[in-house]
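Visitor:
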Amino acid sequence: MLVDGKPYRTVWLKPDEPHIVQIIDQRKLPWKFEVVDLRTVDEVARAIKDMWVRGAGCIAATAAYGMWLASLEAMRDPDYKLATKLGARKLLQTRPTAVNLMWAIERQLAALSKARTDIQALEMTRETAESIADEDVSACRAIGEHGLTLIQSIYRGKKPGEPVNILTHCNAGWLAFVDIGSATAPIYAAKKAGIPIHVWVDETRPRNQGSRLTAWELSQEGIPHTIIPDNTGGHLMQHEKVDMVITGADRITRKGDVANKIGTYLKALAAKDNGVPFYVAAPGSTIDWEMNDGLLEVPIEQRGEEEVALIEGMTSAGKLETVRLFPQASPAANYGFDVTPARHITGIITERGVVRADEAALDRAFS
33 MLVDGKPYRT VWLKPDEPHI VQIIDQRKLP WKFEVVDLRT VDEVARAIKD
83 MWVRGAGCIA ATAAYGMWLA SLEAMRDPDY KLATKLGARK LLQTRPTAVN
133 LMWAIERQLA ALSKARTDIQ ALEMTRETAE SIADEDVSAC RAIGEHGLTL
183 IQSIYRGKKP GEPVNILTHC NAGWLAFVDI GSATAPIYAA KKAGIPIHVW
233 VDETRPRNQG SRLTAWELSQ EGIPHTIIPD NTGGHLMQHE KVDMVITGAD
283 RITRKGDVAN KIGTYLKALA AKDNGVPFYV AAPGSTIDWE MNDGLLEVPI
333 EQRGEEEVAL IEGMTSAGKL ETVRLFPQAS PAANYGFDVT PARHITGIIT
383 ERGVVRADEA ALDRAFS
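So in our numbering, spot 254 of the sequence shown is number 286, and the numbers just go up one at a time.
1) Note the first and the last residue of the continuous alpha helix (DSSP H) segment covering residue 339.
2) Short of 6 Å in beta carbon distance, which residues of its chain neighbour residue 372, apart from the five on each side in sequence? Order them along the chain.
3) At what residues does the alpha helix (DSSP H) containing residue 81 begin and finish?
4) Can you list, in chain order, the residues of its chain with a C-beta nearer than 7 Å to that of residue 197? Leave out the 5 residues immediately preceding and following it.
5) For the alpha helix (DSSP H) that residue 299 lies in, which residues bound it at each end?
6) Rank 250, 242, 179 and 356 by C-alpha distance to the C-alpha of residue 311 and give the top, closest one.
7) Output needed for residue 147: all residues of its chain with C-beta closer than 7 Å, excluding positions within five of it in sequence on either side, in chain order.
8) Within its chain, find whatever has a CB closer than 7 Å to the CB of residue 203; leave out the 5 residues flanking it on each side and keep chain order.
9) Less than 9 Å between the beta carbons of residue 378 and residue 309, yes or no?
10) Here's the rule: buried if 16 or more other CB atoms are within 10 angstroms of the residue's CB, otherwise exposed. What is residue 107?
11) Please state the DSSP three-state secondary structure of residue 68.
12) Would residue 150 and residue 211 be called neighbours here (beta carbons separated by less than 9 Å)?
13) Extract the residue ranges of the beta strand (DSSP E) inside the stretch 222-304, only unbroken runs of 3 or more that lie entirely within it.
14) Excluding five sequence neighbours on each side, which residues of the same chain lie with their C-beta closer than 8 Å to the C-beta of residue 61?
15) Which full runs of the alpha helix (DSSP H) of 4+ residues lie inside the stretch 89-137, going along the chain?
16) Apply the 10 Å Cβ neighbour rule to residue 437 and answer buried if 16 or more other Cβ atoms are within range, or exposed otherwise.
17) Would you kindly report the start and end of the unbroken alpha helix (DSSP H) that includes residue 398?
18) Is there contact between the stretch 249-267 and the stretch 170-185, where contact requires at least three CB pairs shorter than 8 Å?
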């Protein structure tokens, strides 16, 4: 997508220096656009864990490139494959909830196991990383096309020129993938199709990925939007100001339960109570075919309480400052994700089409 008119992906190999992985440091947005060089698997692991990059597809591709760096480092080790697997272990320990990360690393390890020589293994890890990134873009583009049909259907019932109002939570935009995004893909497709769109952007505490990232993305693309406090969505739905909800997903069980950013479940409940269609947009790599019950089985990441207690912002003097929101004597809980049961989901927008959130429909779509 575009940044000041120039196209970017979220992660790529540095031109002419392919031993360096480059990422957009998402911690600095929207105040500063900065590209960071990663040279080792440890640096990649840190970037994922500390959320320099975030979002299911983006961390999967970044981890895949991390395996390429692990392979480069392993060339200096007497046991190449063991050293590469140790690099994989470091990456797997970074973010437990997003299944895409595990999928990308397992795909790299499968490629590694087929290599007959260390040199061949090295080449295959780079090729696999590039393939994972390219496939992510293709999947998101297809998600956009399938989601566009849903927006077109709503628009046909509108008065001429009246926008389709879409509510989204967190950031499942191009910053959360390699490009285009999942939840935003239908929005971008609708804009290209000439459909007027307005997006309600949940701020998404505590890291504010909605207000800091999704709103920034939409601004870059010239899409009208309004940032709202997280608890506003239900009120808007009660007053018929939301036509549909589209969120992303960090993990989908084989039965259609969805783990996504904390607060997603409450949006689904409000949508169901008010007859607002609630869609989840995600590629097939987000489906965990080994998992049945989202509430019982999805590992929910618990992050540090400082993310709740501290907040960064720009002062009137143009200086970035971090302030504490409440006294240190009060503890804070920081669950990163929640689970929305399949029964509350209208449909899952995938690269294979819009699929009902149940085991039979998912099996048919991806078998």
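For each residue, glycine too, the CB sits at the ideal point set by N, CA and C.
Note that this is a predicted model, so its numbers are computed, not measured.
Guide: Reading it off the structure:
1) Start and end: 338-341.
2) 290, 296, 297 and 300
3) 73-81
4) 230, 232, 273, 274 and 275
5) 296-305
6) Measuring from the Cα of residue 311, the nearest candidate turns out to be 179.
7) 153 and 156
8) Take residue 203, set aside five residues on each side of it, and the residues of its chain with a beta-carbon closer than 7 Å to its own are 87, 241, 242, 245 and 246, in chain order.
9) Their beta carbons are under 9 Å apart, which means residue 378 touches residue 309 by this criterion.
10) exposed
11) Here residue 68 carries a strand assignment [DSSP, helix/strand/coil].
12) no
13) 229-234, 257-260, 276-279, 283-285 and 290-293
14) 207, 244, 245 and 248
15) 112-124
16) Here the chain covers residues 33 to 399 and nothing more, so residue 437 does not appear.
17) 391-398
18) no
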